[in-house]
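K.L.:
This note's numbering runs 1 ahead of the 1-based position in the sequence shown. Using N, Cα and C, we set each Cβ at its ideal position, and we do this for glycine too. I have a structure I would like to understand better, so I am pasting it below and will then ask my questions one at a time.
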Amino acid sequence: MFLSNSERLIEFLEHMISTDVKCSTLVYDALIEHYIHVWAKAEESEKQKYEEKILSVLKDTDANYDKDQMLIICQMLGFKAGILHLYEEKKL
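Okay, structure coming up:
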């Protein structure tokens, strides 16, 4: 249903998180990963919007995501702001 449409999947995952902050790690991981994929493909004018969304979730203390997995995704797709944030959070 969502495999070929990351924007619709993002809307669905955002809705899930907005209705239940204590969603599983899989939901948060999928949301952040799709944000980063959309960011990587976006025009320069759209990149800032997605960068803010990604960093907002990464910095959210209630967000239940796998920090190691997100670090790998950030590195694979070249999302330097996320790499920096996660390194700082892990005190590396």
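Since C75 is in the alpha helix (DSSP H), which residue starts that stretch and which ends it?
P.N.:
Within the sequence shown, residue 75 is the residue found at index 74, counting from 1. Unbroken alpha helix (DSSP H) run through C75: K68 to L78.
K.L.:
I'd like the span of the alpha helix (DSSP H) that includes E45, first residue to last.
P.N.:
In the sequence shown, residue 45 corresponds to position 44, counting from 1. Counting along the chain, the alpha helix (DSSP H) containing E45 begins and ends at E45 to K60.
K.L.:
Just to confirm before moving on: does the CB-CB distance between A41 and L14 stay below 7 angstroms?
P.N.:
Position 40 of the sequence shown, counting from 1, holds the residue named residue 41. Position 13 of the sequence shown, counting from 1, holds the residue named residue 14. No; because the gap between Cβ atoms is not below 7 angstroms, this pair is not in contact.
K.L.:
Is it true that the CB of I11 sits closer than 7 angstroms to the CB of H35?
P.N.:
Here residue 35 refers to the residue found at position 34 when the sequence shown is read from its first residue. Here residue 11 refers to the residue found at position 10 when the sequence shown is read from its first residue. Going by C-beta atoms, H35 is nearer than 7 angstroms to I11.
K.L.:
One question on the structure: do C24 and I33 come within less than 7 angstroms of each other, judged by their Cβ atoms?
P.N.:
In the sequence shown, the residue the question calls residue 24 occupies position 23. In the sequence shown, the residue the question calls residue 33 occupies position 32. Not in contact: C24 and I33 (Cβ atoms no closer than 7 angstroms).
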